[in-house]
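Participant: FYI, UniProt numbering numbers position 54 of the sequence shown as 54, with every residue one higher than the one before it. Just so it is clear, CB atoms sit at the ideal spot from N, CA and C, and this is done for glycine as well. Computed from a predicted structure; not experimentally measured.
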Amino acid sequence: MQFRIIKARIHDRIRVLDFLRQNFYNEEPLNAAMNNESNNLSKADEEHTLELLQEDMSLLAVNDDEDLIGICLSGLVTNKEAETMEGLADTCSCERFSKLLHFLAYVEQQSNIWTKSGVTCGLSVQALAVTQAARGYGVGRALLETTRQLAKDEGYSLFRVDCSSYFSARLAEEIGMECVFSLPFSQYKDKDGCQVFKVKSPNNHMKIYIQKLV
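(1) By DSSP, does Met206 sit in helix, in strand, or in coil?
(2) Who are the Cβ neighbours of Glu154 in its own chain at under 8 Å, not counting the five residues just before and after it?
(3) Cβ atoms of Gly70 and Ala129: under 8 Å apart, would you say?
(4) Look up Phe24 in the DSSP assignment and say whether it is helix, strand or coil.
(5) Please report the residue range of the beta strand (DSSP E) in which Val125 lies.
(6) Compare the C-alpha of Ala134 against each of Leu76, Val62 and His48 and name the closest.
(7) I think Met206 touches Val107, with their Cβ atoms under 8 Å apart; what is that distance to the nearest whole Å?
(8) I'd like to know whether the C-beta atoms of Leu171 and Gly140 end up nearer to each other than 8 Å.
(9) So if DSSP puts Gly70 in a beta bridge, which residue, or which two residues, is it bridged to?
(10) Can you give me the Cβ contacts of Ile113 inside the same chain, cut-off strictly under 8 Å, excluding the 5 residues immediately before and after it?
(11) Out of Cys163, Gln2 and Glu86, which one is the CA nearest neighbour of Gln126?
(12) Using the DSSP secondary-structure output, state which residues sit across from Gln195 in a beta bridge.
(13) Tell me Asp45's beta-bridge partners as DSSP assigns them.
(14) Cα separation between Ala44 and Val214?
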């Protein structure tokens, strides 16, 4: 399969949102665990996507017919990320998005990533997705590798990928990234001791991969 990687722009917003509905929210392990079968995007989802596109660090994969076959949405993260996400989670009107933010804030706190890396900010992949028909052709890997090079070109000192999916974690490993945190989903529980995200195997862990760029 022939494809090329291009920058995502603000005017791509509608087709990026449509792509997320069809190829991300129904398959990404955490969203799938919250029974988001309708693939509905909340206002919070849309606003977050728009914010990432405005950072001008996201990429699209298109085939020879200019059809969108993959996306990699990325944005700046800092050592204040946990506090930021907790604040957003407490004020978000979307229960699903709020639950996700609380979990990501917990992961951020537990990972101690900024002490481990010795930096205070970096570029983080927020969403990586490829259509069913385009899988197995190296699209996901190309998106990750091109994003990493873009991060390096733009002066970022750290490249980061948070993986709820076994398959995205495998891609991060294939391109030489280091796993610095791993949390079994079974260990994240609510105040009653119940597992919050009952994620389907082989997606058993939340992992953080990093790579120093300087």
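Facilitator: By the coordinates alone:
(1) Residue numbering aside, residue 206 sits at position 206 when the sequence shown is read from its first letter. Note: Met206 maps to strand in three-state DSSP.
(2) Position 154 of the sequence shown holds residue 154. The residues are Met57 and Leu123.
(3) What you label residue 129 is simply residue 129 of the sequence shown in a count that begins at 1. What you label residue 70 is simply residue 70 of the sequence shown in a count that begins at 1. Yes. Within cutoff.
(4) Taking the sequence shown and counting its residues from 1, one reaches residue 24 at position 24. Phe24: coil per DSSP, three-state reduction.
(5) The sequence position of residue 125 within the sequence shown is 125, counting from 1. It spans Cys121 to Val130 - the beta strand (DSSP E) in which Val125 sits, taken as one unbroken run.
(6) Mapped onto the sequence shown, residue 134 falls at position 134. Of Leu76, Val62 and His48, the residue nearest in Cα terms is Val62.
(7) Translated into positions along the sequence shown, residue 206 becomes position 206. Translated into positions along the sequence shown, residue 107 becomes position 107. The pair is a contact, with the Cβ atoms about 6 Å apart (cut-off 8 Å).
(8) Counted from its first residue, the sequence shown places residue 171 at position 171. Counted from its first residue, the sequence shown places residue 140 at position 140. Yes, the Cβ-Cβ distance between Leu171 and Gly140 is below 8 Å.
(9) Locating residue 70 in the sequence shown gives position 70, counting from the first residue. According to DSSP, which records beta bridges pairwise, Gly70 is partnered with Ala61 and Val130.
(10) As a working mapping, residue 113 is identified with position 113 in the sequence shown. Excluding residues within five positions, the ones whose Cβ falls inside 8 Å are Arg160, Val180, Phe181, Ile208 and Ile210.
(11) Translated into positions along the sequence shown, residue 126 becomes position 126. It is Cys163.
(12) Your numbering for residue 195 matches position 195 in the sequence shown. BP columns for Gln195 point to Lys189.
(13) Along the sequence shown, one-based indexing puts residue 45 at 45. DSSP lists no partner for Asp45.
(14) Start at 1 with the first residue of the sequence shown, and residue 44 comes out as number 44. Start at 1 with the first residue of the sequence shown, and residue 214 comes out as number 214. So the alpha carbons of these two residues sit roughly 34 Å apart.
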